[in-house]
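Here the structure is laid out as structure tokens; the discussion comes afterwards.
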Amino acid sequence: MNAVADCLAATKTYAEFVWPAFAVAVLVLGGVAAQSWRRYRASIRALDRVQRGSGARR
Amino acid sequence: MISRLANPARFMRVSGKVLPWLAPLTAIVLAAGLYWVLTRVPPDCWQGGSVRIMFVHVPSAWLALQTYLFVAAASAVALVWRHPLAEIAAQEAAPIGAAITFVCLVTGSLWGRPMWGTWWVWDVRLTSVLILFFLYLGYIALVSAFDDPSRGGRAGSIVAVVGVVLLPVIKFSVETWWWRMFDWWGLSNSPLAKTLHQPASVLRLGGPTIDASMLVPLLVMGLGFTLLFATLLLLRMRAALNERRARTLVLQGSVRGEAPLPAARPATPVRPR
Numbered sequence: 001m002n003a004v005a006d007c008l009a010a011t012k013t014y015a016e017f018v019w020p021a022f023a024v025a026v027l028v029l030g031g032v033a034a035q036s037w038r039r040y041r042a043s044i045r046a047l048d049r050v051q052r053g054s055g056a057r058r
Numbered sequence: 001m002i003s004r005l006a007n008p009a010r011f012m013r014v015s016g017k018v019l020p021w022l023a024p025l026t027a028i029v030l031a032a033g034l035y036w037v038l039t040r041v042p043p044d045c046w047q048g049g050s051v052r053i054m055f056v057h058v059p060s061a062w063l064a065l066q067t068y069l070f071v072a073a074a075s076a077v078a079l080v081w082r083h084p085l086a087e088i089a090a091q092e093a094a095p096i097g098a099a100i101t102f103v104c105l106v107t108g109s110l111w112g113r114p115m116w117g118t119w120w121v122w123d124v125r126l127t128s129v130l131i132l133f134f135l136y137l138g139y140i141a142l143v144s145a146f147d148d149p150s151r152g153g154r155a156g157s158i159v160a161v162v163g164v165v166l167l168p169v170i171k172f173s174v175e176t177w178w179w180r181m182f183d184w185w186g187l188s189n190s191p192l193a194k195t196l197h198q199p200a201s202v203l204r205l206g207g208p209t210i211d212a213s214m215l216v217p218l219l220v221m222g223l224g225f226t227l228l229f230a231t232l233l234l235l236r237m238r239a240a241l242n243e244r245r246a247r248t249l250v251l252q253g254s255v256r257g258e259a260p261l262p263a264a265r266p267a268t269p270v271r272p273r
């Protein structure tokens with residue numbers, strides 16, 4: 001019976017370690033995703049500008 | 001199949017069709033996995049709620065190794081066949097791998113504090129993963145350290161291929177036979193023979209030792225992390241190919257004696273080549 005009570009009590013513990021772990025994962029991987037997306041959009045814009053510029057000269 | 005996709009134009013066409021499906025699928029799998037992990041997974045009897053850290057730590061550890069294997073394989077292809085797409089794949093995968101390895105190290109430390117009573121120990125598993133993180137950073141720095149990008153890519157590829165020797169150390173350093181091997185050599189006090197880390201409990205001979213209530217969400221998170229890697233890699237490779245194409249067009253314009261285009265200064269931090 002004590003083992004079951006101990007197990008149930010354990011469910012409420014360690015939040016101070018669990019939430020930072022998830023926060024670090026979300027922040028780091030989300031940051032890489034955001035940076036990759038911004039870079040991709042910027043690369044499309046840059047290529048578009050170059051192609052329009054070289055097309056206008058021809 | 002791989003050689004067909006290795007054509008940059010074909011890669012852009014196929015990845016352009018795949019990405020709009022892959023990105024939402026990644027978001028759905030990761031959201032479902034996170035919801036499952038945070039609301040439905042039972043606490044471990046000994047580790048309590050801290051077992052939830054496993055669902056980000058273990059997938060990031062798997063992916064840290066797989067990404068390095070990918071970087072090394074792509075580097076080997078780039079070295080042997082000099083294929084530019086393989087080189088781009090390796091160079092764009094490395095920052096993702098570094099970020100994932102960082103997540104693995106930090107979440108492992110956050111899990112170790114309540115379970116082992118320490119944030120960090122200089123044992124073989126933890127130290128070898130830290131070396132893997134530095135290997136990623138070294139590769140990224142080396143590739144961008146040369147004025148000639150082809151020399152940088154080649155030097156980075158050699159380092160990436162040589163660095164593969166670290167992967168078996170990371171993978172097997174927690175196994176019993178590894179310690180016994182050092183005992184047999186009379187090196188049982190060697191730092192290479194000691195670890196606090198538990199042995200593998202999913203990818204092992206004899207099957208997983210985790211209960212299905214935890215194994216299934218762990219596999220879902222592993223799938224989500226893998227899909228995230230694939231999505232980010234395709235996105236970054238497409239960006240790199242666009243940047244190279246823009247640079248080539250600008251250079252062709254300069255060779256013909258035309259005035260520099262405004263787009264010669266791309267909005268992204270592209271290295272001058």
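Residue numbers (the numbering used here), protein chains in the order written: chain W, 1 to 58; chain V, 1 to 273. Glycine is no exception: its CB is placed at the ideal position from the N, C-alpha and C atoms.
Following the continuous alpha helix (DSSP H) through residue i, name the residue where it begins and the one where it ends.
i                      : result
residue 78 of chain V  : 54-81
residue 103 of chain V : 84-116
residue 17 of chain V  : 8-39
residue 157 of chain V : 149-162
residue 138 of chain V : 124-143
residue 178 of chain V : 176-184
residue 172 of chain V : 166-172
By the criterion of Cβ-Cβ separation under 8 Å, what are the contact partners of residue i in chain A?
i                     : result
residue 50 of chain V : Structure shown: chain A not included; protein chains present are W and V.
Does the beta carbon of residue i sit closer than 9 Å to a beta carbon anywhere in chain W?
i                      : result
residue 149 of chain V : no
residue 253 of chain V : yes
residue 47 of chain V  : yes
residue 93 of chain V  : no
residue 99 of chain V  : yes
residue 71 of chain V  : no
residue 197 of chain V : no
residue 143 of chain V : no
residue 53 of chain V  : yes
residue 271 of chain V : Confidence at residue 271 of chain V is low in this model, with a pLDDT of 47, below 50, so the placement of that residue should be treated as unreliable; the coordinate-derived value is given next. No, no contact with chain W.
residue 14 of chain V  : no
residue 60 of chain V  : yes
residue 140 of chain V : no
residue 83 of chain V  : no
residue 96 of chain V  : yes
residue 10 of chain V  : no
residue 56 of chain V  : yes
Would residue i pass as a contact of residue j if the rule is Cβ separation under 9 Å?
i                      : j                      : result
residue 7 of chain V   : residue 85 of chain V  : yes
residue 51 of chain V  : residue 41 of chain V  : yes
residue 66 of chain V  : residue 226 of chain V : yes
residue 32 of chain W  : residue 232 of chain V : yes
residue 30 of chain V  : residue 234 of chain V : no
residue 274 of chain V : residue 166 of chain V : Since the first and last residues shown for chain V are 1 and 273, residue 274 of chain V lies out of range.
residue 94 of chain V  : residue 136 of chain V : yes
residue 49 of chain V  : residue 15 of chain W  : yes
residue 46 of chain W  : residue 106 of chain V : no
residue 143 of chain V : residue 155 of chain V : yes
residue 43 of chain W  : residue 246 of chain V : yes
Could you check whether the Cβ of residue i sits closer than 9 Å to any Cβ belonging to chain V?
i                    : result
residue 7 of chain W : Confidence is the limiting factor: at residue 7 of chain W the pLDDT is only 49, short of 50, which leaves the residue's position unreliable and the question unanswerable from this model.
Any idea what DSSP makes of residue i, helix, strand or coil?
i                      : result
residue 222 of chain V : helix
residue 48 of chain W  : helix
residue 211 of chain V : coil
residue 48 of chain V  : strand
residue 17 of chain W  : helix
residue 203 of chain V : coil
residue 35 of chain W  : helix
residue 121 of chain V : coil
residue 42 of chain V  : coil
residue 189 of chain V : coil
residue 252 of chain V : helix
residue 231 of chain V : helix
residue 22 of chain W  : helix
Q) Got a sec: which bits of the segment 217-251 of chain V sit with their beta carbon under 7 Å from any beta carbon on chain W, in order along the chain? A) 228, 232, 235, 236, 238, 239, 242, 243, 245, 246, 249 and 250
Q: Anything in the segment 21-38 of chain W with a Cβ closer than 7 Å to a Cβ of chain V? List those residues in chain order, please.
A: 21, 22, 24, 25, 28, 29, 32, 33, 36 and 37
(Q) Can you pull out the residues from the segment 101-127 of chain V whose beta carbon lies closer than 8 Å to at least one beta carbon of chain W? (A) 102, 103, 106, 107, 110, 111, 113 and 114
Q | Residues, ordered as in the chain, of the segment 25-42 of chain V that lie near chain W by beta-carbon distance below 7 Å | A | none
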